[in-house]
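Below is one structure; the comments refer to it alone.
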Amino acid sequence: MTADNTPARLTATGAPRAGGAGRLGERVVSRIGYGAMQLRRNTGRDEAIALLRRVVELGVDHVDTAQFYGDGHVNGLIRDAFRPEDGVVVVSKVGGDPNPGGTVPVRPAQRPEQLRASVEDNLKSLGLDQIPVVNLRRMDIGPGLRAEGDQVVDLDDQLAVMTALRDEGKIGAIGLSSVTLDVLRRAVPAGIVCVQNAYSLVSRDDEEMLRLCAEERIAWVPFFPLGGALPGVPKVTDDPAVTAAARSLGCTPAQAGLAWLLYHAPNVLLIPGTANVAHLEANVAAGAITLDDTAMAALDAGRSPVRRR
1 MTADNTPARL TATGAPRAGG AGRLGERVVS RIGYGAMQLR RNTGRDEAIA LLRRVVELGV
61 DHVDTAQFYG DGHVNGLIRD AFRPEDGVVV VSKVGGDPNP GGTVPVRPAQ RPEQLRASVE
121 DNLKSLGLDQ IPVVNLRRMD IGPGLRAEGD QVVDLDDQLA VMTALRDEGK IGAIGLSSVT
181 LDVLRRAVPA GIVCVQNAYS LVSRDDEEML RLCAEERIAW VPFFPLGGAL PGVPKVTDDP
241 AVTAAARSLG CTPAQAGLAW LLYHAPNVLL IPGTANVAHL EANVAAGAIT LDDTAMAALD
301 AGRSPVRRR
């Protein structure tokens, strides 16, 4: 597995970093992180807190969240579960607002004043003075919501408020989510540290963007790393090439798909999400899987076409 050459193998708690050490801007984090979105469906607070404490124990110190995950509920769990000495790098996102009671639990919030308000809401619910990284969740591409009407906002206007918030110390660094290659190229001068797009072993439309990120030392943080989260998005675990390779490796198809991502590019950071401790442990264990050239070739065969939505 290729990763940044750094001696920082351990987290602040002394645990080996899950999946090894990677770079998120100027920060060193575990290459296997944790996406907290599914905790919005977890009604048991004690259970959720216990899972987040297990995240730390497993050597995960990169956690992804958003104010619109359960209208601040998930951020509150993160605030109560993590301690400063855990050294967890919390990454949030703006560009959508909670939509309680709506068919979709998030609504577009792309205007500059909405981005600023969302950062303030995240700071309050997370109990932080500064959010280490905040992703600007554009709505240029799918899957999911698309911006319409007054929610179609020029990138420069959005980056202006994001850089202002960074200059004010309210956010540490800026990332992007759900963007096109052209948008990324325009944004690079602003100092982008990560990109989150839908991407997996079987959905690889963004190879050119991934290469640009590697050249610019920008972390590639795929959401839906196993696909299948929405209709029309193929599942890694359903692909015959992946299931056959997993049998040979002695792991699950999901673990094979996650391991492939780590090996595919050195700037990949993973944030698989779950509300189940056993699944969390299985995801972290994917970081210990060794893939040789034969295994990579077998997994590379598991490619399915995907259409932009």
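Here the sequence shown is numbered in full-length UniProt numbering, starting from 1 and rising by one per residue.
We put the beta carbon where it would ideally sit given N, CA and C, even for glycine.
Smallest Cα separation from N303: which of A117, N276, D238? Position 303 of the sequence shown, counting from 1, holds the residue named residue 303. According to the sequence provided, residue 303 is Arg. The question's Asn does not apply to it. Nearest C-alpha to R303: D238.
Do you know offhand how far D300's Cα is from L201's? Within the sequence shown, residue 300 is the residue found at index 300, counting from 1. Within the sequence shown, residue 201 is the residue found at index 201, counting from 1. Answer to the nearest angstrom: the Cα atoms are 7 Å apart.
Alpha carbon to alpha carbon, how far is I271 from G149? Within the sequence shown, numbered from 1, the residue matching residue 271 stands at position 271. Within the sequence shown, numbered from 1, the residue matching residue 149 stands at position 149. Taking the straight line from one Cα to the other gives about 32 Å.
Are Q67 and N122 closer than 8 Å when you measure CB to CB? Locating residue 67 in the sequence shown gives position 67, counting from the first residue. Locating residue 122 in the sequence shown gives position 122, counting from the first residue. Yes, the pair counts as a contact, with Cβ atoms nearer than the cut-off.
Alpha-carbon to alpha-carbon, C194 and residue 310: This structure gives no information on residue 310, because the portion of the chain shown stretches from 1 to 309.
If you run the structure through DSSP and keep just helix, strand and coil, what is L159? If you number the sequence shown from 1, residue 159 lands on position 159. In this structure, L159 counts as helix in the three-state DSSP scheme.
Just how far apart, CA to CA, sit R31 and L52? Numbered from 1 along the sequence shown, position 31 holds the residue referred to as residue 31. Numbered from 1 along the sequence shown, position 52 holds the residue referred to as residue 52. Taking the straight line from one Cα to the other gives about 17 Å.
Nearest residue (CA-CA) to L155, options T180, I171, I131: Taking the sequence shown and counting its residues from 1, the one referred to as residue 155 is at position 155. If we check each option's Cα against that of L155, T180 comes out closest.
Determine the extent of the alpha helix (DSSP H) in which Q114 is found, giving its start and end residues. Counting from one through the sequence shown, the residue named residue 114 turns up at place 114. From DSSP, the alpha helix (DSSP H) with Q114 extends over 112 to 126.
Through-space distance from I49 to A36, alpha-carbon basis: As a first step, residue 36 must be located in the sequence shown, where it is residue number 36. As a first step, residue 49 must be located in the sequence shown, where it is residue number 49. Going from the Cα of A36 to the Cα of I49 covers about 11 Å.
Measure the C-alpha to C-alpha separation of A289 and N283 and round it to an integer number of angstroms. Taking the sequence shown and counting its residues from 1, one reaches residue 289 at position 289. Taking the sequence shown and counting its residues from 1, one reaches residue 283 at position 283. Looking at the sequence itself, residue 289 is Ile, so the reference to Ala does not match. Going from the Cα of I289 to the Cα of N283 covers about 11 Å.
Out of R166, G172, S203, L212, which one is the CA nearest neighbour of V188? By one-based count along the sequence shown, residue 188 stands at place 188. Of the candidates R166, G172, S203, L212, the one whose C-alpha sits nearest the C-alpha of V188 is L212.
At which residues does the alpha helix (DSSP H) containing I45 begin and terminate? Translated into the one-based positions of the sequence shown, residue 45 becomes position 45. Note on identity: in this sequence residue 45 is Arg, with Ile being the wrong assignment. Where R45 is concerned, the enclosing alpha helix (DSSP H) stretches over 45 to 57.
When we look at the beta-carbon of R9 and count the other beta-carbons within 10 Å, is it buried (16 or more) or exposed? Numbered from its first residue, the sequence shown carries residue 9 at position 9. Its Cβ having fewer than 16 others within 10 Å, R9 is exposed.
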